[in-house]
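Encoded as structure tokens, the structure appears first; notes follow it.
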Amino acid sequence: MKNLTKLKQEKYQAEFKPTHLRINGTAILNLWGGGQGEIQMHCFYLVLENIKDKQDLISQIKENANDHGFGCESIDSLRKVSVEVLSTSALGTLCTDIFTIQEINFINSN
């Protein structure tokens with residue numbers, strides 16, 4: 067019986083490797099007709115191996131920032147951006163780390 071239990075444990079052991087980032091946050095919007103608003107972005111995913119460094123991460127987040135389909139004139143900044151590190155194995159995917167970027171400003175950025 068012990069050998070069967072050990073075999074089952076070995077069968078389901080898998081090494082998880084960080085592969086993607088899931089990004090969530092609040093977009094600060096300029097509304098059509100004037101005024102500002104906030105909306106929770108629709109989450110999006112970035113491939114971890116395509117990110118060279120922190121500045122590249124910020125650039126890719128800016129490129130993918132969205133208004134959750136609401137429709138706005140522009141997005142000025144992002145607040146409380148949650149970055150979840152997703153790791154995968156043969157068994158599936160799970161969140162292995164999470165960190166927050168307090169603000170990403172779009173004004174005067176390239």
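Going by our numbering, the sequence shown opens with residue 67, and the numbers climb by one from there.
Think of the CB as a built atom: it goes at the ideal place given N, C-alpha and C, for glycine as much as any other residue.
**Prompt:** With distances taken between CB atoms, is the gap from Ser148 to Thr85 smaller than 9 Å?
**Reply:** no
**Prompt:** So what does DSSP say about Leu73, is it helix, strand or coil?
**Reply:** Because Leu73 sits at a pLDDT of 49, beneath the cut-off of 50, its placement in the model cannot be relied upon, and the point is left open.
**Item:** CB of Tyr111 within 9 Å of CB of Ile89, strictly
**Value:** yes
**Exposure label - Met67; buried when at least 16 CB within 10 Å** = With a pLDDT of 49 at Met67, under the threshold of 50, the predicted position of this residue should be treated as unreliable, though the coordinate-derived value follows. Burial call: exposed.
**Message:** Considering only the alpha carbon of each residue, which of Glu115, Gln168 and Gly101 lies closest to Arg145?
**Reply:** Gln168
**Request:** Would you mind giving the Cβ-Cβ distance between Ile164 and Val151, rounded to the nearest angstrom? I have them listed as a contact below 8 Å.
**Result:** 7 Å
**Message:** Between which residues of its own chain and Leu73 is the CB-CB distance below 7 Å, once the five residues before and five after are set aside?
**Reply:** Here the model assigns Leu73 a pLDDT of 49, short of 50, so the residue's position is not dependable, and the following value carries that caveat. Around Leu73: no qualifying Cβ.
**Request:** Can you give me the Cβ contacts of Met107 inside the same chain, cut-off strictly under 8 Å, excluding the 5 residues immediately before and after it?
**Result:** Ile89, Asn90, Gly91, Thr92, Ala93, Ala131, Asn132, Asp133, His134 and Leu144
**Local Cβ density within 10 Å of Ile173, reported as buried at 16 or more and exposed below that** = exposed
**Asked** Taking buried to mean at least 16 other C-beta atoms within 10 Å of its own C-beta, is Leu160 buried or exposed?
**Response** exposed
**Request:** Check Asp163 in the structure and name its three-state DSSP category.
**Result:** strand
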